[in-house]
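Peer 1:
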Amino acid sequence: MYDKTKLLEILLDTDFRTIKNCGRPYPPSAEIYRIISEKMKQFNSCITPKHVYVLINENRNGFKDKILEAFNIKVNDGEVSHNISSCSIETVKNDSINTLSKEFDLIISAEQWRTIMPIRKLYGRRYKYCKTAGLML
């Protein structure tokens, strides 16, 4: 476990800045996350560098919002900051299903189907369908 208040203290320190001026966190491979992890060990609080990144990137416990506010960083209009704890997973699932699935009827003649239909080929021990004939590459 890690001490959330100590972590927040460190994240709000200008020497341990984890968010760029554009409002995005540094990539998970950035050295700053390792430094923060080492600093937390001094307080007998274990947290991995990747965990620090995930906490900030996904705005868990509102860390990202607090950092943005402390450093007066304005998030772009196209980018929205979400608090993961207040997000309903079921709503996200329903929204993604509605936007990704569309059904429609496609009516083509048998001749057109023959020109575009997939061809069954044996690859190793399995048959797979591929399309080679009738395509203009």
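The sequence shown maps to residues 4 to 140 in the working numbering. C-beta atoms are modelled at their ideal positions from N, C-alpha and C, and glycine is treated no differently.
1) What three-state label does DSSP hand residue 130 in the structure shown?
2) Given this structure, state the Cα-to-Cα distance separating residue 61 from residue 31, to the nearest angstrom.
3) Please identify the residue among 133, 121, 58, 111 whose C-alpha is closest to the C-alpha of residue 27.
4) From what residue to what residue does the alpha helix (DSSP H) around residue 42 run?
5) Exposed or buried, what is residue 184 when buried is set at 16 or more other beta-carbons lying within 10 Å of its beta-carbon?
6) Out of curiosity, what's the CA-to-CA distance linking residue 202 and residue 11?
7) Looking only at C-alpha atoms, which of 127, 125, 72 sits nearest to residue 16?
8) Give the DSSP-derived three-state secondary structure of residue 77 in the structure shown.
9) Per DSSP, residue 3 is paired with what?
10) In the DSSP assignment, what residue or residues form a beta bridge with residue 22?
11) For residue 13, count neighbouring C-beta atoms within 10 Å of its own C-beta (all shown protein chains included) and say buried if the count is 16 or more, exposed if not.
12) Give every residue of the same chain whose Cβ lies closer than 6 angstroms to the Cβ of residue 39, excluding the five residues on either side of it in the sequence, and list them in chain order.
13) Does residue 36 pass the burial test, meaning 16 or more other C-beta atoms within 10 Å, or should it be called exposed?
Peer 2: According to the data block:
1) strand
2) 12 angstroms
3) 58
4) 34–45
5) The chain is shown only over 4 to 140; residue 184 falls outside these bounds and no answer can be derived.
6) Given a span of 4 to 140 for the chain in the structure shown, any question on residue 202 remains unanswerable.
7) 72
8) coil
9) Absent from the model: residue 3. The displayed extent of the chain is 4 to 140, so no value can be given.
10) 28
11) buried
12) 13, 19, 55
13) buried
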